[in-house]
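**Q** My structure is below; once you've seen it, I'll send some questions.
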Amino acid sequence: MSPVIAIVGRPNVGKSTLFNRLVGSRQALVDDRPGVTRDRNYGVSHALGRPVVIVDTGGFEPEPDDDLFVVVRAQAEAAIDEADVILFVVDRQAGLTPADKLAADILRKRAGQRMGPGGEARGRILLVVNKCDSPKHDDDAAEFWSLGLDTLMPISAEHGRGVWELWQAVEERLPAPAEGEVDDEAEASDTWADDEDEGWGEEVDEDGFPLSRPDAPIEPEEEGEPGEIRIAVLGRPNIGKSTLVNRLLGEERHVVHDAPGTTVDAVDSVLEVEGRRYRLVDTAGVRRRAKIDDRVESWASLRAIRTIERCHVVLLVIDGELGATQQDTRLAALIEDRGRACIVLVNRWDKVRESEDRNVGVVDDELDRYLPQLSWAPRLYISALTGKGCHRILPLVEQVYAEFDKRISTARANRFLEDAVTAYSVPQLHHHPVKLNYMTQARVRPPTFVIWANTPDGVKDPYKRYLQNKLREVFGFQGTPIRLQIRQKRRPGEEKQG
818 MSPVIAIVGR PNVGKSTLFN RLVGSRQALV DDRPGVTRDR NYGVSHALGR
868 PVVIVDTGGF EPEPDDDLFV VVRAQAEAAI DEADVILFVV DRQAGLTPAD
918 KLAADILRKR AGQRMGPGGE ARGRILLVVN KCDSPKHDDD AAEFWSLGLD
968 TLMPISAEHG RGVWELWQAV EERLPAPAEG EVDDEAEASD TWADDEDEGW
1018 GEEVDEDGFP LSRPDAPIEP EEEGEPGEIR IAVLGRPNIG KSTLVNRLLG
1068 EERHVVHDAP GTTVDAVDSV LEVEGRRYRL VDTAGVRRRA KIDDRVESWA
1118 SLRAIRTIER CHVVLLVIDG ELGATQQDTR LAALIEDRGR ACIVLVNRWD
1168 KVRESEDRNV GVVDDELDRY LPQLSWAPRL YISALTGKGC HRILPLVEQV
1218 YAEFDKRIST ARANRFLEDA VTAYSVPQLH HHPVKLNYMT QARVRPPTFV
1268 IWANTPDGVK DPYKRYLQNK LREVFGFQGT PIRLQIRQKR RPGEEKQG
């Protein structure tokens, strides 16, 4: 297992900014207000020449007066228990507070000591005084020595000042690397990724949804381990997405609360089952833009939408009690537009079964009416709270991913095209016959086929849907969209362009 570094501290002291700095990308949502981070957020850094897991936590309240912050503190305590080194972050600008003193007492009792690389006992806690933007601020940090911790590091997470010295102090406290763990090619990363304005600037519609992309599919971003399946959990607020992710992980990794909007940022969690690695991305609930009057929520919604593009499979969670809504329709259209495999999960089925006027037939009719874009997506009726049906999700993800990555040989594709045209010929265009000459699969993820025709404009959408339905009938492709591109056949003597 890679060593673990946990970042803890009061709300709004710069923990997520430091997390982003150590990981080397803007993975965590950052805002000036307290309480933006609630779940444990995991990232990996190679700055020390080997993989090190960094854990960002929600604000550590020593005496929380809200039941939501009780759960957030429990998440922070779980990170403390699993960490090899704890970065206790305090705010120079705010100065030493009673909450800092209480938190330091709790950390000392809970963290204890670990053995250093030379066999010596070392404290696991590093006191990090953030927002020391220049050397003249280091004197202000001296008051935090009264917390009784043996190491104090003045830094500026926002500007990177003191971060390398922090890495050196962390390395002294980490366990010695196991054989084969050191990565000689890894380099320290002390720069931000070029996504400071992620989610902003792209043209969106009146509800805040990005407008359609060109017809060419968008490949899922290459990240993570080879063979890893990335799964986005998407849906409206307060429909049980975090509960579902916790159920699949088998632990309370994500904060769950009755209040809508508990999950603010997209949070990755890695799960390994029988040798297969999955990356589950719990996203913030996506509401209509007209109902969003908060900058953080607006940004979080856009980041949730961007999560679709870096994942292979999307789990679209629908509230079984309320049924599909117009917002679910927009999310379905977005999934299809981005070309991602999808499974529709109807949650809270345990509650639906208690109702006399709702059953599978009624809900299926609603889904057919509201989600026509996902007619190809399989459906599961589950209860994330009780676990009913959840054991079927990952096996179905495997099946859908295989279809998403399926490739058909050119010979089989052309035999299919010949049979399809024989069964139902292409309608004429202005009394001129439209001929489909050749077909091949150009790419996977999603499966994309190119057909050469003498008159591409003559192949209208109804005939494209006919070909897509026939492809599913013959080859399967359950759970994945299919792209068809019609291109102009080159005439005899015409030179190939490019």
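Residues 818 to 1315 in our numbering are what the sequence shown spells out, letter by letter. Positions of the beta carbon are idealized from the N, C-alpha and C atoms, including for glycine.
Decide yes or no for the touch test of the segment 1249 to 1257 against the segment 1286 to 1296: beta carbon pairs closer than 8 Å, at least 3 of them.
**A** Contact fails: fewer than three Cβ-Cβ distances are below 8 Å.
**Q** Is the number of C-beta pairs between the segment 1133 to 1146 and the segment 1172 to 1190 that are closer than 8 Å three or more?
**A** Yes, they touch.
**Q** Asp1236 lies in the beta strand (DSSP E); which residues open and close that run?
**A** Careful: Asp1236 lies outside any beta strand (DSSP E), inside the alpha helix (DSSP H) at 1227 to 1240.
**Q** Ordered along the chain, which non-local residues of its own chain (more than five positions away) have a Cβ less than 7 Å from that of Thr1124?
**A** Excluding residues within five positions, the ones whose Cβ falls inside 7 Å are Ala1049, Ala1083, Val1098, Thr1100.
**Q** Excluding the 5 residues flanking Asp1222 on each side, which residues of the same chain have their C-beta closer than 7 Å to its C-beta?
**A** Counting only Cβ-Cβ distances below 7 Å, and skipping sequence neighbours, we find Val1261, Arg1262.
**Q** Nearest to Glu1153 by alpha carbon, out of Ser1172, Leu1132, Ile923, Asn1164?
**A** That would be Leu1132, whose Cα lies nearest to the Cα of Glu1153.
**Q** Pair every Cβ in the segment 902 to 914 with every Cβ in the segment 855 to 864, then say whether three or more of these pairs are closer than 8 Å.
**A** With a cut-off of 8 Å, the segment 855 to 864 and the segment 902 to 914 do not count as touching, because too few Cβ pairs lie within range.
**Q** To the nearest angstrom, how far is the alpha carbon of His1208 from that of Pro915?
**A** Looking at the two C-alpha atoms, the distance is approximately 46 Å.
**Q** In three-state DSSP terms, what is Phe877?
**A** Three-state DSSP puts Phe877 in coil, outside helix and strand.
**Q** Sort out for me which residues DSSP pairs Glu1089 with in a bridge.
**A** The partner list for Glu1089 (beta bridge, DSSP) reads Arg1094.
**Q** In chain order, what residues of the same chain lie with their CB nearer than 8 Å to the CB of Ile1160, ignoring the 5 residues before and after it?
**A** Here the set comprises Val1130, Val1131, Leu1132, Leu1133, Ala1194, Pro1195, Arg1196, Leu1197, Ile1210, Leu1213, Val1214, Val1217, Gly1296.
**Q** I need the DSSP call for Arg1209, collapsed to helix, strand or coil.
**A** Three-state result, Arg1209: helix.
**Q** Note down, in chain order, each residue of its chain lying with its Cβ closer than 8 Å to the Cβ of Val1090, except the 5 sequence neighbours on either side.
**A** Excluding positions up to five away in sequence, the list reads Leu1211.
**Q** For Pro971, list the residues DSSP reports as bridge partners.
**A** Paired residue(s): Val946.
**Q** Would Trp981 be called buried (16 or more neighbouring beta carbons within 10 Å of its own) or exposed?
**A** Exposed is the call here.
**Q** Here's the rule I'm using: 16 or more other beta-carbon atoms within 10 Å means buried, otherwise exposed. How should Arg867 be labelled?
**A** When all chains shown are included, Arg867 counts as buried.
**Q** Does DSSP put Trp1269 in a helix, in a strand, or in coil?
**A** Correct three-state label for Trp1269: strand.
**Q** DSSP three-state call for Gln1305: helix, strand or coil?
**A** In the structure shown, Gln1305 sits in a strand (DSSP, three-state: E or B).
**Q** Please classify Val830: does DSSP put it in a helix, a strand, or coil?
**A** Here Val830 sits in coil by DSSP.
**Q** Opposite Phe905 in the DSSP bridges: which residues?
**A** Paired residue(s): Val825, Leu944.
**Q** Could you tell me which of Val870, Leu966, Gly876 sits nearest to Gly831, measuring between CA atoms?
**A** Among Val870, Leu966, Gly876, the Cα nearest to that of Gly831 belongs to Gly876.
**Q** So Gly1044 packs on Arg1094, CB below 8 Å; how close in whole Å?
**A** About 7 Å separates the two Cβ atoms, so the contact holds.
**Q** Have a look at the DSSP bridge pairing and note the partners of Tyr859.
**A** According to DSSP, which records beta bridges pairwise, Tyr859 is partnered with Val872.
**Q** Within this structure, are the beta carbons of Ala891 and Val872 separated by less than 8 Å?
**A** Result no, Cβ atoms of Ala891 and Val872 do not sit closer than 8 Å.
**Q** According to DSSP, is Asn837 helix, strand or coil?
**A** Of the three classes helix, strand and coil, the one that applies to Asn837 here is helix, per DSSP.
**Q** Nearest CA to the CA of Thr1060: which residue from Ile1225, Asn1271, Gly1204?
**A** Residue Gly1204 is the option with its Cα nearest to Thr1060.
**Q** Under the rule that 16 or more other beta-carbon atoms within 10 Å means buried, what is Glu1220, buried or exposed?
**A** So Glu1220 counts as buried.
**Q** Here's a check: name, in chain order, each residue in its chain whose Cβ is nearer than 7 Å to the Cβ of Val1243, leaving out the five neighbours to either side.
**A** Excluding sequence neighbours, Val1243 sits near Val1251, Leu1253, Gly1275, Val1276, Tyr1280.
**Q** Can you give the beta carbon distance from Ala823 to Leu904, rounded, assuming they're within the 8 Å contact cut?
**A** Contact flag correct, Cβ pair sits at about 7 Å.
**Q** Only counting the same chain, and skipping five residues up and downstream in sequence, which positions put a Cβ closer than 6 Å to that of Asp967?
**A** For Asp967, where only same-chain residues beyond five positions count, the Cβ hits under 6 Å are Gly940.
**Q** So what does DSSP say about His1249, is it helix, strand or coil?
**A** Strand, per DSSP.
**Q** Tell me which residue opens and which closes the alpha helix (DSSP H) that Ala1150 is part of.
**A** Note, Ala1150: alpha helix (DSSP H), 1143 to 1155.
**Q** Kindly indicate which residue of Ala921, Pro994, Leu969 has the alpha-carbon position closest to the one of Glu894.
**A** Cα-wise, what sits closest to Glu894 is Ala921.
**Q** So Ile1299 is in the alpha helix (DSSP H); what residue range does that whole segment cover?
**A** Note, Ile1299: premise wrong, no alpha helix (DSSP H); not H, not E.
**Q** Roughly how far, in whole angstroms, is the beta-carbon of Leu964 from the beta-carbon of Lys918, given that I think they are within contact range, below 8 Å?
**A** About 7 Å separates the two Cβ atoms, so the contact holds.
**Q** Quick one: Cα of Leu865 to Cα of Ala896, how far?
**A** Each residue's Cα considered, the two are about 21 Å apart.
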